[in-house]
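One line per chain: the protein sequences are D and G, in this order. So in our numbering, spot 9 of the first sequence is number 343, and the numbers just go up one at a time. So in our numbering, spot 105 of the second sequence is number 887, and the numbers just go up one at a time. Cβ coordinates follow ideal geometry from the N, Cα and C atoms, glycine included. Below is one structure, written out as structure tokens; the observations come after it.
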Amino acid sequence: AQSVTQLGSHVSVSEGALVLLRCNYSSSVPPYLFWYVQYPNQGLQLLLKYTSAATLVKGINGFEAEFKKSETSFHLTKPSAHMSDAAEYFCAVTVNFGNEKLTFGTGTRLTIIP
Amino acid sequence: DAMVIQNPRYQVTQFGKPVTLSCSQTLNHNVMYWYQQKSSQAPKLLFHYYDKDFNNEADTPDNFQSRRPNTSFCFLDIRSPGLGDAAMYLCATSTEGRYQETQYFGPGTRLLVL
Chain D
335 AQSVTQLGSH VSVSEGALVL LRCNYSSSVP PYLFWYVQYP NQGLQLLLKY
385 TSAATLVKGI NGFEAEFKKS ETSFHLTKPS AHMSDAAEYF CAVTVNFGNE
435 KLTFGTGTRL TIIP
Chain G
783 DAMVIQNPRY QVTQFGKPVT LSCSQTLNHN VMYWYQQKSS QAPKLLFHYY
833 DKDFNNEADT PDNFQSRRPN TSFCFLDIRS PGLGDAAMYL CATSTEGRYQ
883 ETQYFGPGTR LLVL
């Protein structure tokens, strides 16, 4: 079965600094990877997804992620943090084999320091 | 705007008293999902409908049931809520339920069990 691991349940960055949220996956077949964002008391919103096309994926709100097969990683980055980026971020994986359900990581809470 | 709507946003029930949560969608998607998300945890898939076909996750307790009377609506019934069922319940939809598709989430219903 596939899985994702998000390193760091809490990440704090200063406004204007680089945001880096880490996600590593485990899958025996090619994965499809997603980043979702959840603002307080709201549902999840898709930021971006990797579906075996370009390895560098650009998403909404200035976020991007790079699929690195050799490192089994799909880290999320943003060059300059904004106060509105404060939220919970979930990495998720699915595969085109067997049980295709979306499996989420445990999330990373991003805090922006003014 | 097409969207996923969940009512109510907050639900308080008593221990053992049946409760129903509602989800509706204007996206005309074939697939509807129910997730349970406990505090600081990843969303956990309970079950999903592909059109009228019900798919239950193996570890979903029998206490949880679902109904989908038509394409637009889906209900989550908790027959005898326990204290451990207090959580955010998220409804999501997708077009065909394929692995690479985006899931569109509603804002969630936060359930409190007294």
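Taking only beta-carbon atoms, is D/ASN395 less than 9 angstroms away from chain G? It does not: the Cβ of D/ASN395 has no partner Cβ on chain G nearer than 9 angstroms.
What does the alpha-carbon distance come out to for the pair D/GLN379 and D/ILE394? Taking the CA atoms as reference points, D/GLN379 sits about 10 angstroms from D/ILE394.
Same chain, Cβ closer than 6 angstroms to D/LEU436, five either side skipped, listed in chain order: Cβ neighbours of D/LEU436 beyond the five flanking positions: ALA426, THR428.
If contact is defined by three or more beta carbon pairs under 8 angstroms, each pair taking one atom from either stretch, is the stretch 880-896 of chain G in contact with the stretch 802-822 of chain G? Segments in contact, yes.
Supposed close pair G/VAL786, G/PHE887 - CB separation, criterion 8 angstroms: Correct: roughly 6 angstroms between the Cβ atoms.
I want to verify the contact list: residues of chain D whose CB lies under 9 angstroms from the CB of G/ALA869, in sequence order. Within 9 angstroms Cβ-Cβ: nothing; G/ALA869 doesn't reach chain D, min ~13 angstroms.
Cβ of D/GLY342 less than 9 angstroms from any chain G Cβ? Chain G, which has no Cβ nearer than 9 angstroms to the Cβ of D/GLY342, makes this no.
Where does D/SER386 fall in DSSP's three states? Residue state, collapsed to three classes: coil.
Residue ranges of each beta strand (DSSP E) within the stretch 817-860 of chain G, 3 or longer: DSSP runs (the beta strand (DSSP E)) wholly in the stretch 817-860 of chain G: 826-832, 835-838, 846-849, 855-860.
Have a look at D/THR445 and D/PHE438 and give me their C-alpha separation to the nearest angstrom. D/THR445 and D/PHE438 have their alpha carbons spaced roughly 20 angstroms apart.
Tell me whether the stretch 812-828 of chain G and the stretch 871-878 of chain G touch, counting them as touching only if at least three CB pairs, one residue from each stretch, are closer than 8 angstroms. By the Cβ criterion, the stretch 812-828 of chain G is in contact with the stretch 871-878 of chain G, since at least three pairs of Cβ atoms, one from each stretch, lie closer than 8 angstroms.
If you scan the stretch 362-386 of chain D from start to end, which runs of the beta strand (DSSP E) of 3 or more residues do you find wholly inside it? Runs found: 365-372, 378-384.
Using only the alpha-carbon positions, how far apart do D/THR389 and G/VAL895 sit? C-alpha of D/THR389 to C-alpha of G/VAL895: approximately 45 angstroms in a straight line.
Backbone CA spacing between G/LEU827 and G/ASP844 [nearest angstrom]: Cα to Cα, the separation comes out at about 14 angstroms.
For G/MET785, name the three-state secondary structure that DSSP assigns. G/MET785 falls in the coil class under three-state DSSP.
How many whole angstroms separate the CB atoms of D/LEU354 and D/THR442, which I take to be in contact at a CB cut-off of 8 angstroms? Between D/LEU354 and D/THR442 a beta carbon distance of about 10 angstroms is seen, past the 8 angstroms cut, so the two are scored as non-contacting.
Taking 9 angstroms as the threshold (C-beta atoms), are D/ALA415 and D/VAL371 in contact? Between D/VAL371 and D/ALA415, the CB-CB gap reaches or exceeds 9 angstroms.
Closer than 6 angstroms by C-beta to G/GLN796: which residues in its own chain qualify, once you throw out the five before and the five after it? Chain order, please. Closer than 6 angstroms at Cβ, skipping near neighbours: LEU896.
Ignoring anything shorter than 3 residues or poking outside the stretch 389-430 of chain D, list the beta strand (DSSP E) runs there in chain order. With a minimum length of 3 residues, the continuous beta strand (DSSP E) runs that stay inside the stretch 389-430 of chain D are 390-392, 398-402, 407-412, 421-429.
Residues in the stretch 832-847 of chain G with C-beta within 7 angstroms of chain D's C-beta atoms, listed in sequence order? Per Cβ criterion, the list is empty.
Same chain, Cβ closer than 7 angstroms to D/PHE408, five either side skipped, listed in chain order: Hits under 7 angstroms: CYS357, TYR359, LEU367, TYR384, ALA399, PHE401, CYS425.
Give me the DSSP bridge partner(s) of D/PHE438. Answer by DSSP bridge pairing, in chain order: D/ALA426.
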